[in-house]
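Below: the structure, in structure tokens.
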Amino acid sequence: MKKIIIIGGGLTGLSAAYYLNKQVNQEEVDWQLFEADDHFGGKFNTVLRDGFIIEKGPDSFLARKPAGMALVEDLGLTDQLITNATGKSYIYHDKALHPIPEGSVMGIPTDIRALLESDLLTDDGKVRALEELMLESNVTEADQSIGDFFEYRFGKEMVVRLIEPLLAGIYAGNIYEMSLRATFPQFENTAKQHRSLMYGLKSHRPETVNTTGTAKTIGAFRTLAGGLSTLTDAIVEALPAERLHANTAVKCIENTTVVLENGERIVADAIIIAATHDVVLSLLDVPAVKPLMEQPMTSLATISLAYDQDAVPHLPEGTGFLVARTGDYHITACTWVQEKWPHMVPDGKLLLRGFLGKAGQVGLLEQTDAEMVGHVQEDLKEMIGLEGEPLFYEVSRMKEAMPQYTVGHQERLEKVERDLKQQHPNIFLAGMSYRGVGIPDCIQAGKTAANEANQFVMKVSQP
Numbered sequence: 001m002k003k004i005i006i007i008g009g010g011l012t013g014l015s016a017a018y019y020l021n022k023q024v025n026q027e028e029v030d031w032q033l034f035e036a037d038d039h040f041g042g043k044f045n046t047v048l049r050d051g052f053i054i055e056k057g058p059d060s061f062l063a064r065k066p067a068g069m070a071l072v073e074d075l076g077l078t079d080q081l082i083t084n085a086t087g088k089s090y091i092y093h094d095k096a097l098h099p100i101p102e103g104s105v106m107g108i109p110t111d112i113r114a115l116l117e118s119d120l121l122t123d124d125g126k127v128r129a130l131e132e133l134m135l136e137s138n139v140t141e142a143d144q145s146i147g148d149f150f151e152y153r154f155g156k157e158m159v160v161r162l163i164e165p166l167l168a169g170i171y172a173g174n175i176y177e178m179s180l181r182a183t184f185p186q187f188e189n190t191a192k193q194h195r196s197l198m199y200g201l202k203s204h205r206p207e208t209v210n211t212t213g214t215a216k217t218i219g220a221f222r223t224l225a226g227g228l229s230t231l232t233d234a235i236v237e238a239l240p241a242e243r244l245h246a247n248t249a250v251k252c253i254e255n256t257t258v259v260l261e262n263g264e265r266i267v268a269d270a271i272i273i274a275a276t277h278d279v280v281l282s283l284l285d286v287p288a289v290k291p292l293m294e295q296p297m298t299s300l301a302t303i304s305l306a307y308d309q310d311a312v313p314h315l316p317e318g319t320g321f322l323v324a325r326t327g328d329y330h331i332t333a334c335t336w337v338q339e340k341w342p343h344m345v346p347d348g349k350l351l352l353r354g355f356l357g358k359a360g361q362v363g364l365l366e367q368t369d370a371e372m373v374g375h376v377q378e379d380l381k382e383m384i385g386l387e388g389e390p391l392f393y394e395v396s397r398m399k400e401a402m403p404q405y406t407v408g409h410q411e412r413l414e415k416v417e418r419d420l421k422q423q424h425p426n427i428f429l430a431g432m433s434y435r436g437v438g439i440p441d442c443i444q445a446g447k448t449a450a451n452e453a454n455q456f457v458m459k460v461s462q463p
């Protein structure tokens, strides 16, 4: 009997197990999943408290990426899907909340009138941004940073005040180090096809982008009525319990042998490492994966604060804000959960979710819970007039949780995969470090790895 080992019981590993279990012949293939932690689900952590639904990990996923919706349907959870409420989002700059201009696509303006009416940019900044309509294309043969690409097109002011808060927030990264090609290739493709991004996005907007954080935004995100832990719990319930092993850490991989921390050695025909690249480097000492050492990680924290409604007497209409890095603040963004996801908050209450963590930041997770909460309260007092102490709070710490796709990421990844396939064809990598950090990306990565591992062992078994 062929044996496939899956290392990692987060969403990617569980997805690999789910799709592998559906496609293999159980009499021919034995698969087993090992998770070092005491539970499955990785970063997914929904807390039910005093009528609140609090996400200490991810809170939603993009509906336009098919892998997430397909898995929800496969698990019979479609009737539990909830679409986010929409409304204005803001940028906090110069001690004020500025609405994101109507028609913006990930911070890129497509409505000239809305841009001119915005108070986020100076008159000089607006003039410079509009020059983008006449600039030559700056699409290059080699990869380039997001920051360099957009600064050439729109100028520094718009990048710092509008584009950076939105794009850097997704990856918690430095946009002058992040790869354009690995993170937002749709913008490079639009610039290549139409020269002007503003024109191209207004007239021929790809399906892969949406207007962002404006009053007319279409709800692009989905969650489940009981929280996203419902998703990973449902996957676990759909799998044979005897194949899932929590509290079982893997020490290393030696050729085709998986060595557990308890000393057990398992010879495998295929191995799926469903984890971030730092885990791969700790398990696998082979030249093929050495380029992954160049990929940095960012630590994150989320602070959820529950209040009575009168704690913010004049909360603006909308769903939250991002913070421009033009001031010295702790938080990078804040979601007004009662507005974005009304079902998660009891009537008459507020749930404010503050985000901490930036590329290059050190010492974030060394702070106590009280210190983190105090920093968020301090910022929110200035930003939205928050008053008093919370009814309660929940702190989530995610150490080195966000892989950074720096310039040249795709080329390095292609080399790793090419060399790994030649030198260690039985090992398959899947996870946030490679081709997307979102929930659908992780699901698709797990599914792809499952397909490839199964095809590999079946091919090897053929006479």
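Residue 226 in the UniProt record's numbering sits at position 226 of the sequence shown, with consecutive numbering throughout. Every residue, glycine too, gets a C-beta built ideally from N, C-alpha and C.
The straight-line gap separating the alpha-carbon atoms of LEU351 and ALA449 is approximately 38 Å. DSSP places ARG161 outside any alpha helix (DSSP H), giving it a letter other than H or E. When rounded, the separation of the alpha-carbon atoms in GLU254 and VAL280 is 13 Å. Assigned with DSSP and collapsed to three states, PRO291 falls in helix. Counting C-beta atoms within 10 angstroms of its own C-beta, GLN404 has 16 or more neighbours from the protein chains shown and is therefore classed as buried. Exposed is the label assigned to VAL267, since fewer than 16 other Cβ atoms lie within 10 Å of its Cβ. One thing to note: ALA270 has its Cβ within 7 Å of the Cβ of ILE4. In terms of Cβ geometry, GLY431 and ALA274 form a close pair [threshold 7 Å]. The region 220-235 and the region 6-18 touch, with three or more beta-carbon pairs separated by less than 8 Å. In the same chain as VAL437, and ignoring 5 residues on each side of it, the C-beta atoms closer than 8 Å to its own belong to ILE170, TYR171, MET402, PRO403, in chain order.
Of all C-beta pairs linking the region 29-48 to the region 410-428, fewer than three are shorter than 8 Å, placing the two stretches out of contact. C-alpha of ALA333 to C-alpha of LYS88: approximately 14 Å in a straight line.
By the neighbour-count definition (other C-beta atoms within 10 Å, threshold 16), THR86 is a buried residue. Counting C-beta pairs with one atom in each stretch, the region 311-326 and the region 360-377 have fewer than three that are closer than 8 Å, which means they do not touch. Between ALA301 and ARG435, the C-beta gap is not smaller than 7 Å, which leaves the two residues out of contact. Taking C-alpha positions only, GLU131 is separated from GLY125 by approximately 10 Å.
Per DSSP, GLN32 lies in no alpha helix (DSSP H); the unbroken beta strand (DSSP E) holding it starts and ends at 29-34. For the region 324-403, the continuous alpha helix (DSSP H) assignments of 4+ residues that do not extend past its boundaries occur at 337-340, 369-384, in sequence order. Under the DSSP assignment, LEU260 falls in the beta strand (DSSP E) whose first and last residues are 257-260.
Ranked by Cα distance from GLN32, the first of ASP123, MET106, ASN262, ALA17 is ALA17.
The straight-line gap separating the alpha-carbon atoms of GLU151 and GLU177 is approximately 13 Å.
The C-beta distance from LEU356 to HIS330 rounds to 6 Å, short enough to meet the 8 Å contact threshold. The region 15-29 and the region 192-200 do not touch, with fewer than 3 CB-CB distances between them shorter than 8 Å. Out of LYS421, ALA114, PRO109, the CA that lies nearest to the CA of PHE456 is found in LYS421.
Around the beta carbon of ASP347, fewer than 16 other beta carbons lie within 10 angstroms, which makes this residue exposed.
Residue burial is scored here from C-beta neighbours: GLY76 has fewer than 16 other C-beta atoms within 10 angstroms and is therefore classed as exposed.
Remark: C-beta atoms of PRO165 and ILE91 approach each other more closely than 7 Å. Here HIS409 is buried: its Cβ has 16 or more other Cβ atoms, across all protein chains shown, within 10 Å.
The Cβ neighbour count for ALA67, taken over all protein chains shown within 10 Å, is at least 16; the residue is labelled buried. Put simply, the backbone Cα of VAL127 is about 14 Å away from that of ASP111.
Here LYS202 has THR110 as same chain residues with Cβ atoms under 7 Å from its own Cβ, once five neighbours each way along the sequence are excluded. DSSP lists LEU260 as the bridge partner or partners of VAL250. A distance of 7 Å or more separates the beta carbons of GLU339 and THR326.
With at least 16 other beta carbons inside 10 angstroms of its own, ASP379 counts as buried.
Setting aside the 5 residues that flank it on each side, GLY219 is surrounded in the same chain by THR83, ASN84, THR86, each with a C-beta closer than 6 Å to its C-beta; the list follows chain order. The residues LEU167, ILE175, MET178, LEU180, THR183, PHE184, in chain order, have a CB closer than 7 Å to that of ILE146 in the same chain once the five nearest residues on each side in sequence are set aside.
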